[in-house]
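In the working numbering, the protein residues as written are 2 to 468.
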Ligand code: P5A
Ligand code: ZN
């Protein structure tokens, strides 16, 4: 995979994930294969959230005056908002924004919903499309102008501690989500100049794509009371006083799908984790003139049996050369292929091919254990994909002791950690020298000196070339 960008565009097309020929820049079409991966990824996410969040659905359009209410927030988004100015031929007397995110759509309504301390906490989420007029180079799934899979959660709490705990809970939810997908990540606090417009602070998840560039794949924001004050969201305390609430919000996007594809794939195409694969198992019959019907019947029965146990199985009985079928299912990333011929049936065996290792093995067929055996292989694939991805990720995070070393090490690849004083102007000097951005702050450091100004270091910070 020498040119990741080219590989990525080709595989989206060849595996029929996304059609990029829609005639608006940054807006694309989900094709059936891509839509299924998206659907199964959302299923995992909903399973995690539905535990203690409620799913809702707010309108796409936001009145201009609501969007403008929170000054810092609107400033952050002013260059990215699409506006609706007309209804048919009639100019609107109030412009309507296509949501770039939904704080200003939801919070005026939250003001009506929140009454008493006993209502809180409240935790909502929605999965919607959002629109951002991005000026940086757009790329399918990675930087789009219509984010079609925007999962945004918004929570409301009685005190600062509640919001703080929710930030930690949200980080745990996202960790568990990315773990199920085998996507490695690092969680850092964004420098203040890079936080979400209107947030007290922003925690971000970043992963590394095969070209060595870092991709932000999720964010968790502690909003404190900023929006509560702007939209006057209050609750009644036990003593009958009215207090402003504390809020958090956190979001994921199509970038999750981009990461699944980019991180696990190889030169033969997609490699999908079983949890999101449209087909987890494909059965390919190996046919000869003699005994063909017996093989077909056996394969069909096996497919039905696996389906009955909840597996997504496809029996490929097309009249095509087996080699052609192998090529296609490998390209589409099906985790496990079973090849079954007349001799295998006679010997109570089948050939298995794992997409992640491309290793062929014989599996003994026993009526009673076959479900467990295949489930075990799928579990092994999930584990192996995750381990391989984390290993590569960890190799790409390296410490630097000097700015020169940082500059040398980064060479546009991976993440560099270093000691930093935390001062903004010093941070800008570092970015200027190394020519990449400070990604985030990882943890407190002690008895160390800032890599740039030599004053006491407060944190370990990360530098990375980002998307
Ligand atoms: C959190 C949810 C928000 O909008 N409001 C509600 C908060 N945060 S965010 O950081 O601005 O966006 C959340 C995540 O969306 C992804 N993202 C994008 N993905 C694809 N194309 C884009 N143009 C784009 N912009 C943001 C990022 O992963 C981000 O973390
Ligand atoms: Zn410094």
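Backbone N, C-alpha and C define an ideal beta-carbon position, used for all residues, glycine too.
So, residue i versus residue j, is the Cβ gap smaller than 9 Å?
i	j	result
residue 104	residue 158	no
residue 279	residue 12	no
residue 249	residue 288	no
residue 258	residue 296	no
residue 82	residue 235	no
residue 336	residue 356	yes
residue 138	residue 146	no
residue 191	residue 171	no
residue 390	residue 215	no
residue 442	residue 467	no
residue 334	residue 266	yes
residue 282	residue 315	yes
residue 208	residue 268	no
Relative to the ligand P5A, is the shortest distance from any of its heavy atoms to the C-beta of residue i smaller than 8 Å?
i	result
residue 6	no
residue 155	yes
residue 220	yes
residue 151	yes
residue 252	yes
residue 135	yes
residue 529	The shown model of the chain, from 2 to 468, leaves out residue 529, and the question about it has no answer.
residue 197	yes
residue 369	no
residue 201	no
residue 104	yes
residue 255	yes
residue 99	no
residue 50	no
residue 182	no
residue 258	no
residue 217	yes
residue 148	yes
residue 58	no
residue 121	no
Cβ of residue i versus every heavy atom of the ligand ZN: is any distance shorter than 8 Å?
i	result
residue 194	no
residue 446	no
residue 456	yes
residue 422	yes
residue 453	yes
residue 427	yes
Below 8 Å, is the gap between the Cβ of residue i and the nearest heavy atom of the ligand MN?
i	result
residue 207	Here the bound small molecules are the ligand P5A and the ligand ZN; the ligand MN is not part of this structure.
For residue i, name the three-state secondary structure that DSSP assigns.
i	result
residue 265	helix
residue 108	helix
residue 193	helix
residue 10	helix
residue 280	coil
residue 335	coil
residue 424	coil
residue 389	helix
residue 173	helix
residue 64	strand
residue 381	helix
residue 98	strand
residue 443	strand
residue 57	coil
residue 41	helix
residue 353	strand
What's the C-alpha gap between residue i and residue j?
i	j	result
residue 56	residue 452	46 Å
residue 8	residue 14	10 Å
residue 97	residue 30	25 Å
residue 133	residue 119	37 Å
residue 338	residue 361	9 Å
residue 446	residue 275	40 Å
residue 381	residue 340	19 Å
residue 142	residue 110	31 Å
residue 179	residue 392	15 Å
residue 432	residue 353	50 Å
residue 151	residue 409	37 Å
residue 472	residue 71	This structure cannot speak to residue 472, because the chain is shown only from 2 to 468.
residue 32	residue 94	38 Å
residue 113	residue 64	17 Å
DSSP beta-bridge partners for residue i?
i	result
residue 209	215
residue 286	341
residue 83	Paired residues: none, contrary to the question.
residue 250	155 and 222
residue 455	In DSSP, residue 455 forms no bridge with anything.
residue 73	Note: residue 73 sits in no beta bridge, so no partner.
residue 400	418
residue 117	237
residue 202	223
residue 19	31
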